[in-house]
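Participant: Quick one: structure below, then a few questions.
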Amino acid sequence: MAFDLKWTTAMAAALLASGCNRANADDGWTADQDTAICTDAQGKRLPDDRCRQTRVGGGGGAFWYFLGRGRTIPFYGERATGGSFRPASGGRYMTAPAGSAMTRAAAVSRGGFGASAARFGSIHA
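Note that the working numbering numbers the sequence shown so that position 92 is 201, with each residue one more than the last.
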């Protein structure tokens, strides 16, 4: 029993430590290598396919934005910071991981016992 518990704990720790390039869920992803993402002219992230459909340097309102290792990869529609529209000389850039292709969700309102439930369970007419 003690061996099983040690093995389970060790495996759980290894899985948590390996390959997790998520920063904070509120901040986006952290680039573990030099990364190119597609943005509009204002630097707001777009799907990479928008840049692939245009000529090499971008165009059509879509431009590659180059982030260095350790920089935050923003959610779609959010502004990229800490990088440049020009790659570093001699830099080799990878595209963002597929898991970073997300849009930040807005807060969800679940309702509650507001005005619409004022008479729920009430004996008042």
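Cβ atoms here follow ideal geometry from the backbone N, Cα and C, with glycine treated the same way.
Can you tell me whether Ser-209 is helix, strand or coil according to DSSP?
Facilitator: Ser-209: helix per DSSP, three-state reduction.
Participant: Report the CB separation of Asp-141 from Gly-177 in whole angstroms; it is logged as a contact under 8 Å.
Facilitator: That pair is no contact at about 11 Å.
Participant: Kindly provide the ranges of any beta strand (DSSP E) runs that are 3 or more residues long and lie completely inside the stretch 137-181, ordered along the chain.
Facilitator: Here the runs fully enclosed are 144-148, 172-176.
Participant: Express the C-alpha separation of Thr-212 and Thr-139 in angstroms, rounding to a whole number.
Facilitator: Whole-angstrom Cα-Cα distance: 15 Å.
Participant: Would you tell me roughly how many angstroms separate the C-alpha atoms of Gly-199 and Ala-145, rounded to the nearest one?
Facilitator: Roughly 14 Å between the two C-alpha positions.
Participant: Run through the DSSP bridge pairs and tell me what Thr-204 is partnered with.
Facilitator: Ala-145.
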